[in-house]
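Just below is one structure, and these are the notes that go with it.
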Amino acid sequence: TKVVNGYKAIQICAENNMFIQLDTHKHINNIMGTDGMALAMVLLSEGLAVKAGLDRALSAIQMNVGGINILADLALVKAFRETIWSEFIIAVPETFQNPPADLIAEQAHFARMAVSAKLAGANFYRPKAAENVGIPTGDSMARAIWATQNVFEGTYKVDINDPFIEERKEEIKAEAMAVLTAALKRDEMLKPEEINEEFWQQYDDEELISLIVEAGKSGILDTPRAGGWDLKRFVKTNRDKDGIRRYVKGYTPLGVDEKYMPITKENVEVQKETPVTKKEKVVLATVGADAHVVGINMVKEAIQKAGYEVIFLRGMNLPETVAEVAAETKASVVGVSNLLGLGMTLFPRVSKRLEELGLRDDVVLLAGGRIAEKEEEHAMYEKKIHDEGTGFLGVDNFFGPGTDLDECVKWIEEELEKKKNK
Numbered sequence: 001t002k003v004v005n006g007y008k009a010i011q012i013c014a015e016n017n018m019f020i021q022l023d024t025h026k027h028i029n030n031i032m033g034t035d036g037m038a039l040a041m042v043l044l045s046e047g048l049a050v051k052a053g054l055d056r057a058l059s060a061i062q063m064n065v066g067g068i069n070i071l072a073d074l075a076l077v078k079a080f081r082e083t084i085w086s087e088f089i090i091a092v093p094e095t096f097q098n099p100p101a102d103l104i105a106e107q108a109h110f111a112r113m114a115v116s117a118k119l120a121g122a123n124f125y126r127p128k129a130a131e132n133v134g135i136p137t138g139d140s141m142a143r144a145i146w147a148t149q150n151v152f153e154g155t156y157k158v159d160i161n162d163p164f165i166e167e168r169k170e171e172i173k174a175e176a177m178a179v180l181t182a183a184l185k186r187d188e189m190l191k192p193e194e195i196n197e198e199f200w201q202q203y204d205d206e207e208l209i210s211l212i213v214e215a216g217k218s219g220i221l222d223t224p225r226a227g228g229w230d231l232k233r234f235v236k237t238n239r240d241k242d243g244i245r246r247y248v249k250g251y252t253p254l255g256v257d258e259k260y261m262p263i264t265k266e267n268v269e270v271q272k273e274t275p276v277t278k279k280e281k282v283v284l285a286t287v288g289a290d291a292h293v294v295g296i297n298m299v300k301e302a303i304q305k306a307g308y309e310v311i312f313l314r315g316m317n318l319p320e321t322v323a324e325v326a327a328e329t330k331a332s333v334v335g336v337s338n339l340l341g342l343g344m345t346l347f348p349r350v351s352k353r354l355e356e357l358g359l360r361d362d363v364v365l366l367a368g369g370r371i372a373e374k375e376e377e378h379a380m381y382e383k384k385i386h387d388e389g390t391g392f393l394g395v396d397n398f399f400g401p402g403t404d405l406d407e408c409v410k411w412i413e414e415e416l417e418k419k420k421n422k
């Protein structure tokens, strides 16, 4: 459904000559995916854009630059620039995974990435907040953003030539081509120069959509923290000390030739999955036009470690859809998140739909993320929760930035016990 609806959205943009951010390396990076996997997924999105009739001059790809290894950043952007169909690249810096309260401290961190983005040849630079803990816009963030934008604009672009850049660039391309070859069920290995408008025109719209969906469900298109309760998850990755994310040996994408996959040489201990020991099921999802899933992934993993089966819908869900999946799966707990400051509008809709389905009294409903976009406003709502409770949000509890995951799990277990004893 998401692929079909995404294609419809691209068609609407094409019909109305809208400039769009077509796809994102950044969000694959957020869910622990590799650069080559992200490139393969971007190319598939571009295939849909070609079929939709979008002009490449209206298409941009969003990319992360890490600022840890400038040569790796340059190789990454070059690999995309030489392979993608879209005309523009928007560089977005990675932010602290657990940032300080005052985002001015993030200026130096942002500045390194601004330099990487400029030297790599990004068309646009878009500094933003740290999504996994929901650091919002506000006074300190505004100053941090202004400073890093100034660095991007003021850095003089020079060409840096180093053998590592070429080697890493080709490694990214090779992984992407191997994944794309498997996803499209090609008999011979594809080459980057083959992937153009003419290539995508050989596919029927529905055929291409079906291939993408099947590749996701079979484990060809895969990242460790990808969501979707009907998708096969297998791969394990590690971000090495050089800032590059590589696969753990034995955990490369299913159905893809392993010899093209970058393998970490670091000693990585793979955590065994905790078996499901509890009968209650938990549905987790972000609601609204919100693709930020790093934080909710942390909650998911904590709940799974406690022995619960988690049905994870990942990002971009209608509130009503989350409630309906809870009904379909007979879930006892529903957790929703929004980091764009729209909780006041979206969270009550989940509760309302559960009521319409006759399930509200039977389901534990919790929320997370940010209630308001600006840090000052969010603080006001946190005080309101402290003084009045979470009734105005339509949920039973709210777990925002800085949440203790153990406390969250403990609260869920206590609420489930209360419902048992009613």
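The opening residue of the sequence shown carries number 1 in my numbering; numbering runs sequentially from there.
Positions of the beta carbon are idealized from the N, C-alpha and C atoms, including for glycine.
Everything numeric in this text was worked out from a predicted model, so none of it was measured.
Which residues bound the beta strand (DSSP E) around Asn-238?
Start and end: 237-239.
Please go through the segment 45-88 and give each complete beta strand (DSSP E) segment of 3 or more residues, from N-terminal end onward.
Those beta strand (DSSP E) runs which fall completely within the segment 45-88 and span 3+ residues are 59-65.
Return yes when the Cβ of Ser-337 is within less than 8 Å of the Cβ of Thr-286, no when it is not.
In this structure, Ser-337 lies closer than 8 Å to Thr-286 by Cβ.
If you measure between the beta carbons of His-109 and Gln-62, is that distance less than 8 Å?
It is not a contact, given that the beta carbons lie outside the stated cut-off.
Have a look at the DSSP bridge pairing and note the partners of Tyr-125.
Ala-91.
For Asn-161, count neighbouring C-beta atoms within 10 Å of its own C-beta (all shown protein chains included) and say buried if the count is 16 or more, exposed if not.
Exposed.
Tell me whether Pro-401 is buried or exposed, calling it buried when 16 or more other Cβ atoms sit within 10 Å of its Cβ.
Classification of Pro-401: buried, given that the 10 Å Cβ count is 16 or more.
Would you mind reading off the limits of the beta strand (DSSP E) that contains Phe-347?
Premise fails: Phe-347 lies in the alpha helix (DSSP H), 343-356, not in any beta strand (DSSP E).
DSSP on Ala-40, reduced to helix/strand/coil?
DSSP places Ala-40 in helix when its eight states are reduced to three.
Are Ser-351 and Glu-280 close, meaning C-beta to C-beta below 8 Å?
For Ser-351 and Glu-280, no; Cβs fall outside 8 Å.
Which partner residues of Ala-323 appear in the DSSP bridge assignment?
Ala-323 pairs with nothing; no bridge assigned.
Is Gly-335 helix, strand or coil when you go by DSSP?
Of the three classes helix, strand and coil, the one that applies to Gly-335 here is strand, per DSSP.
What residue does the beta strand (DSSP E) around Tyr-251 start on, and which one ends it?
Segment: none, Tyr-251 is in no beta strand (DSSP E) and carries neither H nor E.
Asn-397 bridges to which residues according to DSSP?
Its beta-bridge partners are Leu-366.
Just how far apart, CA to CA, sit Gly-154 and Ala-117?
Those two C-alpha atoms are separated by around 12 Å.
Leaving out five residues before and five after Thr-403 in sequence, what residues of the same chain have Cβ atoms less than 8 Å from its Cβ?
The residues are Val-299, Gly-368.
Nearest-angstrom Cα distance between Phe-399 and Cys-408?
Rounded to the nearest angstrom, the two C-alpha atoms are 7 Å apart.
According to the neighbour-count rule (16 or more other Cβ atoms, all chains shown, within 10 Å of its Cβ), is Glu-131 buried or exposed?
Any reading at Glu-131 needs caution, since the residue's pLDDT is 40, under 50, leaving its predicted position unreliable; the model's value is listed next. Classification of Glu-131: buried, given that the 10 Å Cβ count is 16 or more.
Tell me, which residues are paired with Ala-285 by DSSP?
DSSP output for Ala-285 lists Val-336 as bridge partner(s).
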